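Student: Next up is a structure, given as structure tokens.
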Amino acid sequence: MKIFERIVDGRIRDTVQLSTNQCGFVAGCGTVDAIHAVRLLIEKHRDKQKPVHLAFLDLEKAFGRVPREVIWYALREHGVPEELIEWVRILYSCPKSRVQAAAGTSMEFPISVGVHQGSALSPLLLVVVMHAISRDLQQPVLWTLLYADDVMLASEDKIELQRQVQAWCDRLERLGLKHNVKETEYMTTDEDESSSIKVNGIERPRTSVFKYLGSAIASAGGLLVEANSRVSAAWFKWRSLTGVLCDKKIPERLKSKI
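Letter 185 of the sequence shown, counting from 1, is numbered 185 in the UniProt record's numbering, and no numbers are missing.
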């Protein structure tokens, strides 16, 4: 099955044309590129003493929520041949699952939404869906960045940023993808700006530090916050292991495997 999925993945990649805004599961691009782009955007605006406003959108369980009809729509929007779409539909025909717990294993039940967990094809299907449903909402590179279902929006005007965030929120919810408004983060380099943005009537206050794709981004720019974050993480890991590493009763051969 994995071999067949990789064959289908390769055929679809030869057909689809994704925007340069997407850094997730795309050849030649990754988290480092997206993180560097956000840092560059903040630092250039601080150097020019111009404000920039950023919003980081959180999609709740996108891999498990995307409707199948949206997947077929997205593939057709990218010009994928019907034969390839039919192959994908075969992979998704009558999928079933079961829950295993200490009390036992449940009966099989059908799964009608989301992409398959652990499938070689799932990441590509998600980025194809994200591009198809947001193509007209995306701004040029640096002003809109995507890493799979992680979305970063930026604008030099806060009202315009709020409009973009609301447009994304409305589009995602209309197509069956849940946008977690309470996890949406707002950041700005404008030191005089202390207010928030409003999404679906919910206030999202300004934050000075946000963990974007595993890297700490600070509105003040620079790498000091990221360096401190990594040092703190290293010390936390060390403290969690000292009980084992410093125990004289545990053989060194066993310690070396930790």
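We put the beta carbon where it would ideally sit given N, CA and C, even for glycine. Only a predicted model underlies this, so the values are computations on that prediction, with no experimental measurement involved.
Could you tell me the boundaries of the alpha helix (DSSP H) in which ALA34 lies?
Tutor: ALA34 -> alpha helix (DSSP H) spans 31-47.
Student: Buried or exposed, going by whether 16 or more other CB atoms sit within 10 Å of the CB of THR15?
Tutor: Counting Cβ neighbours within 10 Å, THR15 comes out exposed, since fewer than 16 surround it.
Student: On the criterion of 16 or more Cβ atoms from any shown chain inside 10 Å, does THR188 qualify as buried, or is it exposed?
Tutor: Per the 10 Å Cβ criterion, buried.
Student: Identify whether SER155 lies in helix, strand or coil by the three-state DSSP scheme.
Tutor: DSSP places SER155 in strand when its eight states are reduced to three.
Student: Roughly how many angstroms separate the alpha carbons of VAL129 and ILE71, rounded to a whole number?
Tutor: Distance between the alpha carbons of VAL129 and ILE71 is about 6 Å.
Student: Can you give me the C-alpha to C-alpha distance between LEU245 and THR184, rounded to a whole angstrom?
Tutor: The alpha-carbon atoms of LEU245 and THR184 are separated by roughly 40 Å.
Student: Could you tell me if ASP150 is buried or exposed, where buried requires 16 or more neighbouring beta carbons within 10 angstroms of its beta carbon?
Tutor: It is buried - the Cβ of ASP150 has at least 16 other Cβ atoms within 10 Å.
Student: Does DSSP put ASP150 in a helix, a strand or coil?
Tutor: Residue state, collapsed to three classes: strand.
Student: Are the Cβ atoms of VAL38 and LEU145 separated by less than 8 Å?
Tutor: Contact: yes.
Student: Compute the distance between the beta-carbons of PHE210 and ILE217, then report whether it is under 8 Å.
Tutor: Yes, Cβ-Cβ distance for PHE210 and ILE217 is below 8 Å.
Student: Would you call the segment 102-122 and the segment 57-72 in contact, with 3 or more CB pairs under 8 Å?
Tutor: Yes, since at least three Cβ pairs between the segment 102-122 and the segment 57-72 fall closer than 8 Å, the two stretches touch.
Student: Cβ atoms of LEU59 and LEU153: under 8 Å apart, would you say?
Tutor: Not closer than 8 Å, so no.
Student: Going by beta-carbon coordinates alone, are VAL99 and THR20 separated by less than 8 Å?
Tutor: Going by C-beta atoms, VAL99 is not nearer than 8 Å to THR20.
Student: Tell me which same chain residues have a C-beta within less than 6 Å of the C-beta of THR31, skipping the five on either side of it?
Tutor: Answer for THR31: LEU213, listed in chain order.
Student: Considering only C-alpha positions, which residue in the set LYS48, SER232, LEU172, HIS45 is nearest to ASP136?
Tutor: Of the listed residues, the one whose Cα sits closest to ASP136 is LEU172.
Student: Between which two residues does the alpha helix (DSSP H) harbouring TYR73 extend?
Tutor: Counting along the chain, the alpha helix (DSSP H) containing TYR73 begins and ends at 68-77.
Student: Is the separation between the beta-carbon of HIS78 and that of ALA132 shorter than 8 Å?
Tutor: Yes.
Student: Tell me the residue span of the alpha helix (DSSP H) that contains ILE85.
Tutor: Taken as a continuous stretch (DSSP letters only), the alpha helix (DSSP H) holding ILE85 covers 82-91.
Student: Residue range of the beta strand (DSSP E) that PRO205 falls in?
Tutor: Its beta strand (DSSP E) spans residues 202-205.
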